[in-house]
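Written below as C-alpha coordinates is the structure these notes are about.
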Amino acid sequence: MDRRLLPPDGQAQRFLSLALAAPIVFCPFPTAEGSARERVGFQVRAGPSEQEPRAPRDVQDALPLAQSARDAARSALDRGLVWLAKAAATSPDGSLPRAGARDPAPVATTALAALAWMAGGNAPDRGPQGLELGLAIDWIAAHTDLDPESATRGYISLHGDGLSRMHGHGLAALALTQAASLSPKSERGARIERSLRAAITCIEKTQGVEGGWWYEPRKSLEHEGSITVCEVQALRAAHNAGFQVDSLTISRALDYLARSQKPDGSFRYALGDDRSTLALTAAAIATLNAAGKYEGKPLEEAYGYLFRGLSARENWMASHPAAPLEDRRLPEERDERHAWCGFYERLVLAQALWQCSDHDAFDRWAQAEAKGLLTSQREDGSWHDERFGDAYATATNCLVLALPEGLLPIFQR
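Note that this note's numbering numbers the sequence shown so that position 144 is 968, with each residue one more than the last.
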(Lines of atoms letter the chains of each structure in order from A and count residues from 1; the text may use other names and numbers.)
(Lines give C-alpha, C1' and ligand atoms only; values in the text may rest on other atoms or scores of the structure.)
Protein backbone atom coordinates (compact mmCIF):
# COMPACT_ATOMS: atom_id res chain seq x y z
CA MET A 1 0.00 0.00 0.00
CA ASP A 2 1.17 3.49 -0.79
CA ARG A 3 2.01 4.88 2.65
CA ARG A 4 1.62 8.42 1.33
CA LEU A 5 -2.14 7.86 1.48
CA LEU A 6 -2.04 7.35 5.24
CA PRO A 7 -2.16 10.08 7.90
CA PRO A 8 0.96 10.46 10.05
CA ASP A 9 1.66 7.85 12.73
CA GLY A 10 -0.25 8.51 15.92
CA GLN A 11 -3.17 9.95 13.97
CA ALA A 12 -3.69 7.02 11.62
CA GLN A 13 -5.81 4.87 13.90
CA ARG A 14 -8.18 7.71 14.73
CA PHE A 15 -8.67 8.94 11.21
CA LEU A 16 -8.57 5.63 9.37
CA SER A 17 -11.75 4.80 11.26
CA LEU A 18 -13.38 7.68 9.44
CA ALA A 19 -12.56 5.94 6.19
CA LEU A 20 -15.07 3.22 7.03
CA ALA A 21 -17.48 5.37 8.98
CA ALA A 22 -17.49 8.37 6.65
CA PRO A 23 -20.92 7.83 5.10
CA ILE A 24 -22.63 8.17 8.47
CA VAL A 25 -20.76 11.31 9.48
CA PHE A 26 -22.69 14.57 9.07
CA CYS A 27 -20.41 17.62 9.10
CA PRO A 28 -21.67 21.09 8.14
CA PHE A 29 -18.77 23.17 6.90
CA PRO A 30 -18.34 26.38 4.90
CA THR A 31 -17.47 26.24 1.21
CA ALA A 32 -15.12 28.55 -0.62
CA GLU A 33 -18.13 30.61 -1.72
CA GLY A 34 -19.08 31.28 1.89
CA SER A 35 -22.17 29.05 1.97
CA ALA A 36 -22.53 25.93 4.09
CA ARG A 37 -23.04 22.48 2.74
CA GLU A 38 -23.72 19.16 4.36
CA ARG A 39 -21.53 16.29 3.42
CA VAL A 40 -23.21 12.89 3.67
CA GLY A 41 -20.80 10.11 2.84
CA PHE A 42 -19.36 10.79 -0.61
CA GLN A 43 -22.21 13.04 -1.74
CA VAL A 44 -22.54 16.77 -1.12
CA ARG A 45 -25.87 18.52 -1.11
CA ALA A 46 -26.63 22.19 -0.62
CA GLY A 47 -27.96 23.34 2.74
CA PRO A 48 -28.83 26.63 4.38
CA SER A 49 -26.11 29.21 3.88
CA GLU A 50 -25.15 31.78 6.46
CA GLN A 51 -27.66 30.58 9.08
CA GLU A 52 -25.71 27.48 10.06
CA PRO A 53 -22.85 27.87 12.55
CA ARG A 54 -19.36 26.95 11.55
CA ALA A 55 -18.12 23.58 12.67
CA PRO A 56 -16.06 23.52 15.87
CA ARG A 57 -12.36 24.16 15.38
CA ASP A 58 -11.39 20.54 16.13
CA VAL A 59 -13.83 19.31 13.49
CA GLN A 60 -12.49 21.81 10.95
CA ASP A 61 -8.94 20.72 11.69
CA ALA A 62 -9.95 17.06 11.33
CA LEU A 63 -11.55 17.48 7.90
CA PRO A 64 -8.37 17.26 5.79
CA LEU A 65 -7.27 14.14 7.65
CA ALA A 66 -10.78 12.67 7.47
CA GLN A 67 -10.79 13.27 3.73
CA SER A 68 -7.37 11.64 3.50
CA ALA A 69 -8.75 8.63 5.37
CA ARG A 70 -11.74 8.37 3.05
CA ASP A 71 -9.40 8.63 0.08
CA ALA A 72 -7.21 5.87 1.54
CA ALA A 73 -10.21 3.57 2.04
CA ARG A 74 -11.56 4.21 -1.43
CA SER A 75 -8.09 3.70 -2.91
CA ALA A 76 -7.77 0.38 -1.05
CA LEU A 77 -11.21 -0.70 -2.26
CA ASP A 78 -10.50 0.27 -5.87
CA ARG A 79 -7.15 -1.51 -5.86
CA GLY A 80 -8.74 -4.61 -4.37
CA LEU A 81 -11.48 -4.66 -7.01
CA VAL A 82 -8.90 -4.25 -9.78
CA TRP A 83 -6.86 -7.14 -8.37
CA LEU A 84 -9.98 -9.34 -8.29
CA ALA A 85 -10.64 -8.50 -11.95
CA LYS A 86 -7.08 -9.42 -12.91
CA ALA A 87 -7.40 -12.68 -10.99
CA ALA A 88 -10.70 -13.48 -12.73
CA ALA A 89 -9.05 -12.83 -16.11
CA THR A 90 -6.74 -15.80 -15.48
CA SER A 91 -9.75 -18.12 -15.34
CA PRO A 92 -11.32 -19.17 -18.66
CA ASP A 93 -14.92 -19.30 -17.45
CA GLY A 94 -15.53 -16.21 -15.29
CA SER A 95 -15.01 -17.84 -11.91
CA LEU A 96 -12.28 -16.82 -9.47
CA PRO A 97 -9.17 -19.02 -9.59
CA ARG A 98 -8.25 -21.52 -6.92
CA ALA A 99 -4.55 -20.64 -7.05
CA GLY A 100 -2.91 -20.06 -3.68
CA ALA A 101 -5.70 -21.63 -1.63
CA ARG A 102 -5.06 -24.64 0.56
CA ASP A 103 -8.83 -25.22 0.78
CA PRO A 104 -10.35 -23.61 -2.32
CA ALA A 105 -14.07 -22.77 -2.44
CA PRO A 106 -14.69 -21.51 -6.00
CA VAL A 107 -18.48 -21.10 -5.70
CA ALA A 108 -18.31 -19.07 -2.49
CA THR A 109 -15.31 -17.04 -3.64
CA THR A 110 -16.83 -16.19 -7.02
CA ALA A 111 -20.04 -15.11 -5.30
CA LEU A 112 -18.12 -12.91 -2.86
CA ALA A 113 -16.17 -11.32 -5.71
CA ALA A 114 -19.41 -10.59 -7.59
CA LEU A 115 -20.90 -9.01 -4.46
CA ALA A 116 -17.73 -6.95 -3.97
CA TRP A 117 -17.79 -5.64 -7.55
CA MET A 118 -21.47 -4.65 -7.17
CA ALA A 119 -20.80 -3.07 -3.77
CA GLY A 120 -18.03 -1.06 -5.43
CA GLY A 121 -20.46 0.46 -7.95
CA ASN A 122 -20.36 -1.96 -10.88
CA ALA A 123 -23.25 -3.56 -12.77
CA PRO A 124 -22.98 -6.44 -15.24
CA ASP A 125 -21.15 -5.09 -18.30
CA ARG A 126 -21.12 -1.58 -16.81
CA GLY A 127 -18.40 -0.01 -14.70
CA PRO A 128 -14.65 -0.65 -14.39
CA GLN A 129 -15.19 -4.33 -13.51
CA GLY A 130 -18.54 -4.72 -15.28
CA LEU A 131 -17.23 -7.31 -17.74
CA GLU A 132 -15.81 -9.53 -14.98
CA LEU A 133 -18.97 -9.10 -12.91
CA GLY A 134 -21.18 -10.13 -15.83
CA LEU A 135 -19.06 -13.23 -16.44
CA ALA A 136 -19.17 -14.16 -12.75
CA ILE A 137 -22.97 -13.82 -12.61
CA ASP A 138 -23.30 -15.88 -15.79
CA TRP A 139 -21.02 -18.52 -14.25
CA ILE A 140 -23.18 -18.70 -11.11
CA ALA A 141 -26.37 -19.01 -13.16
CA ALA A 142 -24.77 -21.69 -15.34
CA HIS A 143 -23.83 -23.74 -12.28
CA THR A 144 -27.36 -23.82 -10.92
CA ASP A 145 -28.95 -27.26 -11.18
CA LEU A 146 -32.09 -26.70 -13.29
CA ASP A 147 -32.82 -30.37 -14.02
CA PRO A 148 -36.52 -30.83 -13.11
CA GLU A 149 -35.85 -34.46 -12.16
CA SER A 150 -32.84 -33.70 -9.95
CA ALA A 151 -33.04 -34.25 -6.20
CA THR A 152 -30.89 -31.14 -5.79
CA ARG A 153 -32.72 -28.88 -8.27
CA GLY A 154 -31.73 -25.26 -7.65
CA TYR A 155 -28.45 -26.12 -5.92
CA ILE A 156 -25.52 -23.92 -7.03
CA SER A 157 -22.36 -26.00 -7.03
CA LEU A 158 -19.25 -27.02 -8.89
CA HIS A 159 -17.97 -30.56 -9.28
CA GLY A 160 -14.81 -30.87 -7.20
CA ASP A 161 -15.67 -27.97 -4.88
CA GLY A 162 -16.15 -29.86 -1.65
CA LEU A 163 -15.92 -26.82 0.60
CA SER A 164 -18.49 -24.25 -0.57
CA ARG A 165 -21.56 -26.48 -0.26
CA MET A 166 -24.57 -24.70 1.31
CA HIS A 167 -22.41 -21.78 2.46
CA GLY A 168 -21.50 -21.21 -1.16
CA HIS A 169 -25.07 -21.78 -2.33
CA GLY A 170 -26.39 -19.09 0.01
CA LEU A 171 -23.71 -16.60 -1.05
CA ALA A 172 -24.26 -17.36 -4.74
CA ALA A 173 -28.04 -16.96 -4.38
CA LEU A 174 -27.40 -13.66 -2.59
CA ALA A 175 -25.23 -12.48 -5.50
CA LEU A 176 -28.03 -13.36 -7.93
CA THR A 177 -30.55 -11.35 -5.88
CA GLN A 178 -28.34 -8.27 -6.01
CA ALA A 179 -27.76 -8.69 -9.76
CA ALA A 180 -31.41 -9.34 -10.57
CA SER A 181 -32.40 -5.68 -10.50
CA LEU A 182 -29.32 -4.66 -12.51
CA SER A 183 -30.20 -6.72 -15.60
CA PRO A 184 -34.00 -6.55 -15.96
CA LYS A 185 -35.74 -7.47 -19.22
CA SER A 186 -32.60 -8.88 -20.78
CA GLU A 187 -31.40 -12.33 -21.74
CA ARG A 188 -29.09 -12.31 -18.74
CA GLY A 189 -31.95 -11.12 -16.53
CA ALA A 190 -34.06 -14.08 -17.66
CA ARG A 191 -31.23 -16.49 -16.81
CA ILE A 192 -30.78 -14.88 -13.41
CA GLU A 193 -34.51 -15.15 -12.69
CA ARG A 194 -34.70 -18.84 -13.64
CA SER A 195 -31.66 -19.70 -11.55
CA LEU A 196 -32.68 -17.58 -8.59
CA ARG A 197 -36.21 -18.98 -8.38
CA ALA A 198 -34.77 -22.50 -8.34
CA ALA A 199 -32.11 -21.52 -5.78
CA ILE A 200 -34.78 -20.06 -3.46
CA THR A 201 -36.83 -23.23 -3.67
CA CYS A 202 -33.71 -25.27 -2.91
CA ILE A 203 -33.12 -23.24 0.27
CA GLU A 204 -36.73 -23.63 1.38
CA LYS A 205 -36.79 -27.39 0.75
CA THR A 206 -33.49 -28.06 2.52
CA GLN A 207 -34.34 -26.30 5.79
CA GLY A 208 -33.67 -28.78 8.57
CA VAL A 209 -36.02 -30.26 11.09
CA GLU A 210 -34.86 -27.80 13.77
CA GLY A 211 -35.22 -24.77 11.48
CA GLY A 212 -31.57 -24.30 10.53
CA TRP A 213 -29.51 -25.51 7.59
CA TRP A 214 -26.64 -27.99 7.23
CA TYR A 215 -23.77 -28.36 4.79
CA GLU A 216 -25.55 -30.52 2.23
CA PRO A 217 -28.60 -29.62 0.08
CA ARG A 218 -31.07 -31.84 1.86
CA LYS A 219 -33.35 -31.70 4.90
CA SER A 220 -31.33 -32.83 7.89
CA LEU A 221 -31.45 -33.30 11.64
CA GLU A 222 -28.12 -31.48 11.74
CA HIS A 223 -27.73 -27.71 11.52
CA GLU A 224 -25.14 -24.94 11.86
CA GLY A 225 -25.45 -21.22 12.57
CA SER A 226 -23.14 -19.69 9.95
CA ILE A 227 -24.84 -21.66 7.15
CA THR A 228 -28.21 -20.49 8.42
CA VAL A 229 -27.17 -16.84 8.15
CA CYS A 230 -26.20 -17.35 4.49
CA GLU A 231 -29.56 -18.88 3.62
CA VAL A 232 -31.69 -16.35 5.51
CA GLN A 233 -29.82 -13.38 4.04
CA ALA A 234 -30.36 -14.81 0.55
CA LEU A 235 -34.08 -15.33 1.22
CA ARG A 236 -34.52 -11.83 2.63
CA ALA A 237 -32.67 -10.29 -0.32
CA ALA A 238 -34.78 -12.33 -2.76
CA HIS A 239 -37.95 -11.08 -1.06
CA ASN A 240 -36.69 -7.50 -1.30
CA ALA A 241 -35.98 -8.05 -5.01
CA GLY A 242 -39.61 -9.05 -5.60
CA PHE A 243 -39.33 -12.84 -5.50
CA GLN A 244 -41.79 -14.94 -3.54
CA VAL A 245 -40.38 -16.45 -0.35
CA ASP A 246 -42.16 -18.80 2.04
CA SER A 247 -42.80 -16.84 5.25
CA LEU A 248 -42.96 -20.07 7.27
CA THR A 249 -39.34 -20.80 6.33
CA ILE A 250 -38.29 -17.46 7.82
CA SER A 251 -40.40 -17.99 10.96
CA ARG A 252 -38.83 -21.40 11.58
CA ALA A 253 -35.33 -19.95 11.09
CA LEU A 254 -36.06 -17.22 13.65
CA ASP A 255 -37.31 -19.80 16.12
CA TYR A 256 -34.11 -21.77 15.58
CA LEU A 257 -32.04 -18.70 16.40
CA ALA A 258 -34.09 -17.91 19.50
CA ARG A 259 -33.35 -21.39 20.86
CA SER A 260 -29.66 -20.99 20.00
CA GLN A 261 -29.08 -17.94 22.19
CA LYS A 262 -27.27 -18.43 25.51
CA PRO A 263 -27.93 -16.53 28.78
CA ASP A 264 -24.86 -14.33 28.18
CA GLY A 265 -26.38 -13.05 24.93
CA SER A 266 -24.12 -15.04 22.60
CA PHE A 267 -25.34 -17.59 20.06
CA ARG A 268 -24.32 -21.23 19.93
CA TYR A 269 -22.57 -22.84 17.00
CA ALA A 270 -25.63 -25.10 16.84
CA LEU A 271 -28.31 -26.47 19.12
CA GLY A 272 -26.60 -28.96 21.41
CA ASP A 273 -23.18 -27.41 20.80
CA ASP A 274 -22.38 -24.81 23.46
CA ARG A 275 -19.50 -23.13 21.60
CA SER A 276 -20.06 -19.45 20.97
CA THR A 277 -17.84 -16.72 19.54
CA LEU A 278 -18.02 -13.10 18.47
CA ALA A 279 -18.26 -14.22 14.85
CA LEU A 280 -21.14 -16.63 15.48
CA THR A 281 -23.00 -14.01 17.49
CA ALA A 282 -22.44 -11.32 14.87
CA ALA A 283 -23.68 -13.77 12.21
CA ALA A 284 -26.82 -14.40 14.27
CA ILE A 285 -27.42 -10.65 14.59
CA ALA A 286 -27.01 -10.29 10.83
CA THR A 287 -29.53 -13.11 10.37
CA LEU A 288 -32.06 -11.39 12.62
CA ASN A 289 -31.48 -8.13 10.74
CA ALA A 290 -31.91 -9.97 7.43
CA ALA A 291 -35.25 -11.26 8.69
CA GLY A 292 -36.36 -7.72 9.51
CA LYS A 293 -35.60 -7.76 13.25
CA TYR A 294 -33.71 -4.68 14.43
CA GLU A 295 -34.70 -4.31 18.09
CA GLY A 296 -35.84 -6.29 21.13
CA LYS A 297 -34.27 -8.01 24.12
CA PRO A 298 -32.50 -10.83 22.21
CA LEU A 299 -30.69 -8.26 20.04
CA GLU A 300 -29.86 -6.04 23.01
CA GLU A 301 -28.29 -9.00 24.80
CA ALA A 302 -26.43 -10.10 21.68
CA TYR A 303 -24.99 -6.64 21.13
CA GLY A 304 -24.04 -6.53 24.81
CA TYR A 305 -22.03 -9.73 24.32
CA LEU A 306 -20.33 -8.24 21.24
CA PHE A 307 -19.46 -4.99 23.01
CA ARG A 308 -18.00 -6.81 26.02
CA GLY A 309 -15.92 -9.05 23.79
CA LEU A 310 -14.66 -6.23 21.59
CA SER A 311 -13.82 -4.13 24.65
CA ALA A 312 -11.84 -7.01 26.15
CA ARG A 313 -9.91 -7.35 22.90
CA GLU A 314 -9.10 -3.65 22.83
CA ASN A 315 -7.86 -3.72 26.42
CA TRP A 316 -5.65 -6.71 25.62
CA MET A 317 -4.29 -5.07 22.47
CA ALA A 318 -3.50 -1.88 24.41
CA SER A 319 -1.37 -3.88 26.85
CA HIS A 320 0.30 -5.92 24.06
CA PRO A 321 1.40 -3.34 21.46
CA ALA A 322 3.50 -5.90 19.58
CA ALA A 323 0.47 -8.05 18.80
CA PRO A 324 -0.44 -8.19 15.07
CA LEU A 325 -3.18 -5.73 14.15
CA GLU A 326 -4.86 -8.17 11.78
CA ASP A 327 -5.55 -10.72 14.55
CA ARG A 328 -7.10 -9.11 17.61
CA ARG A 329 -8.24 -12.27 19.40
CA LEU A 330 -7.71 -12.86 23.09
CA PRO A 331 -5.40 -15.74 24.10
CA GLU A 332 -8.40 -17.79 25.22
CA GLU A 333 -9.95 -17.35 21.79
CA ARG A 334 -6.97 -18.97 20.10
CA ASP A 335 -8.18 -22.54 20.60
CA GLU A 336 -6.80 -24.61 17.75
CA ARG A 337 -9.71 -27.04 18.09
CA HIS A 338 -12.02 -24.31 16.78
CA ALA A 339 -11.48 -22.97 13.28
CA TRP A 340 -11.14 -19.19 13.08
CA CYS A 341 -11.86 -17.34 9.87
CA GLY A 342 -10.68 -13.79 10.47
CA PHE A 343 -11.96 -12.39 7.17
CA TYR A 344 -15.41 -13.88 7.72
CA GLU A 345 -15.47 -12.54 11.28
CA ARG A 346 -14.60 -9.03 10.08
CA LEU A 347 -17.43 -9.11 7.51
CA VAL A 348 -20.16 -10.30 9.87
CA LEU A 349 -19.01 -7.91 12.61
CA ALA A 350 -19.19 -5.06 10.11
CA GLN A 351 -22.70 -6.07 9.07
CA ALA A 352 -23.95 -6.47 12.64
CA LEU A 353 -22.47 -3.20 13.89
CA TRP A 354 -23.58 -1.27 10.82
CA GLN A 355 -27.20 -2.12 11.62
CA CYS A 356 -26.86 -1.35 15.34
CA SER A 357 -29.27 1.37 16.54
CA ASP A 358 -26.26 3.02 18.20
CA HIS A 359 -24.53 4.21 15.03
CA ASP A 360 -21.41 5.09 17.03
CA ALA A 361 -20.87 1.35 17.56
CA PHE A 362 -19.70 0.94 13.98
CA ASP A 363 -17.43 3.98 14.31
CA ARG A 364 -15.78 2.61 17.44
CA TRP A 365 -15.22 -0.79 15.87
CA ALA A 366 -13.93 0.76 12.66
CA GLN A 367 -11.43 2.84 14.62
CA ALA A 368 -9.91 -0.32 16.05
CA GLU A 369 -10.12 -2.33 12.84
CA ALA A 370 -9.22 0.05 10.06
CA LYS A 371 -5.48 0.39 10.59
CA GLY A 372 -4.91 -3.36 10.47
CA LEU A 373 -7.24 -3.72 7.51
CA LEU A 374 -5.68 -1.03 5.34
CA THR A 375 -2.04 -1.60 6.21
CA SER A 376 -2.26 -5.37 5.61
CA GLN A 377 -3.20 -4.83 1.96
CA ARG A 378 -0.37 -5.91 -0.31
CA GLU A 379 1.24 -3.73 -2.97
CA ASP A 380 -0.67 -5.45 -5.77
CA GLY A 381 -4.02 -4.61 -4.12
CA SER A 382 -4.78 -8.04 -2.65
CA TRP A 383 -5.03 -9.43 0.85
CA HIS A 384 -3.57 -12.82 1.71
CA ASP A 385 -5.21 -15.88 3.21
CA GLU A 386 -3.37 -19.15 2.83
CA ARG A 387 -6.37 -21.33 3.71
CA PHE A 388 -9.12 -20.08 1.35
CA GLY A 389 -6.91 -18.03 -0.97
CA ASP A 390 -6.19 -14.42 -1.78
CA ALA A 391 -9.32 -13.98 -3.92
CA TYR A 392 -11.50 -14.92 -0.94
CA ALA A 393 -9.60 -12.59 1.41
CA THR A 394 -9.63 -9.69 -1.04
CA ALA A 395 -13.32 -10.01 -1.91
CA THR A 396 -14.31 -10.16 1.76
CA ASN A 397 -12.24 -7.12 2.73
CA CYS A 398 -13.57 -5.18 -0.26
CA LEU A 399 -17.10 -5.86 0.97
CA VAL A 400 -16.17 -4.46 4.39
CA LEU A 401 -14.67 -1.33 2.82
CA ALA A 402 -17.67 -0.85 0.53
CA LEU A 403 -20.32 -1.48 3.17
CA PRO A 404 -20.78 2.16 4.33
CA GLU A 405 -21.35 3.33 0.78
CA GLY A 406 -24.65 1.44 0.83
CA LEU A 407 -24.73 0.58 -2.88
CA LEU A 408 -25.88 -2.98 -2.20
CA PRO A 409 -29.45 -3.20 -0.84
CA ILE A 410 -28.29 -5.72 1.78
CA PHE A 411 -25.91 -3.09 3.17
CA GLN A 412 -28.47 -0.33 3.49
CA ARG A 413 -29.64 0.80 6.92
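Think of the CB as a built atom: it goes at the ideal place given N, C-alpha and C, for glycine as much as any other residue.
Nothing here was measured: the structure is a model prediction, and the numbers come from that model.
Taken through DSSP and simplified to helix, strand or coil, GLN1191 comes out as helix. Under the three-state reduction of DSSP output, ASP895 falls in the helix class. Straight-line measurement puts the Cα of ALA1106 at about 23 Å from the Cα of SER1071.
GLN1236 is classed as exposed because its beta carbon has fewer than 16 other beta carbons within 10 Å across all chains shown. As summarised for the segment 984-1070, there are no continuous beta strand (DSSP E) elements at least 3 residues long confined to that stretch. Scanning its chain for C-beta atoms nearer than 7 Å, with the 5 sequence neighbours on each side dropped, one finds around ALA1185 the residues LEU1177, in chain order.
Following the DSSP letters along the chain, one finds SER1135 inside the alpha helix (DSSP H) bounded by residues 1121-1143.
Straight-line measurement puts the Cα of GLY1116 at about 17 Å from the Cα of GLN1002. For THR968, the pairing in a beta bridge is given by DSSP as ILE980. Using a Cβ distance threshold of 8 Å, GLY1213 and ARG922 count as a contacting pair. Residue state for PHE1212 is assigned as coil, using DSSP reduced to three classes. The Cβ-Cβ distance between ALA1062 and VAL1069 falls below 8 Å. Around the CB of GLU956, 16 or more other CB atoms lie within 10 Å, so the residue is classed as buried. Counting only residues of its own chain and dropping the five nearest sequence neighbours on each side, ASP971 has a CB closer than 7 Å to the CB of ARG977. One alpha carbon belongs to ARG1015, the other to HIS967, and they sit about 11 Å apart. Where TYR1093 is concerned, the enclosing beta strand (DSSP E) starts and stops at 1092-1094. Only buried fits THR1218, as 16 or more other CB atoms lie within 10 angstroms of its CB. LEU939 places its beta carbon less than 8 Å from that of LEU1223. Under the criterion of beta carbons closer than 8 Å, HIS993 and ALA1023 qualify as touching, at roughly 7 Å.
At a Cβ-Cβ threshold of 8 Å, GLY1089 and GLY1128 count as neighbours. The C-beta separation of LEU1198 from ALA943 comes to about 17 Å, leaving the pair out of contact by the 8 Å criterion. Contact between ILE1109 and ALA1126 holds, with the beta-carbon distance rounding to 5 Å and staying under 8 Å. Taken through DSSP and simplified to helix, strand or coil, GLN1179 comes out as coil. The residue among VAL1053, SER981, ARG1158 and GLN953 with its C-alpha nearest the C-alpha of VAL931 is SER981.
Here ASP1097 is bridged, per DSSP, to ALA1094.
If you draw a straight line from the Cα of CYS1026 to the Cα of PRO916, it is about 28 Å long.
Residue range 1102-1114 is occupied by the alpha helix (DSSP H) that includes ALA1106. Linking VAL1053 to THR1111 through their CA atoms gives a straight-line distance of about 5 Å.
Just so you know, the alpha carbons of ALA909 and GLN953 end up roughly 6 Å apart.
For TRP941, the enclosing alpha helix (DSSP H) stretches over residues 930-943. The Cβ atoms of GLY904 and GLY1205 lie closer than 8 Å to each other.
Listed in chain order, the non-local C-beta contacts of VAL1033 below 6 Å within the same chain comprise LEU1045, local neighbours out to five positions each way being set aside. Take ARG1021, set aside five residues on each side of it, and the residues of its chain with a beta-carbon closer than 7 Å to its own are PHE1067, in chain order.
Collapsing the DSSP output to three states places ARG950 in a strand. Close CB contacts of LEU1227 within its chain, under the 8 Å cut and outside five residues either way in sequence, are with LEU844, ALA943, ALA1174, GLN1175, TRP1178 and PHE1235 (chain order). Separation of GLY945 and GLY951 (C-alpha to C-alpha, rounded to the nearest whole angstrom) is 7 Å.
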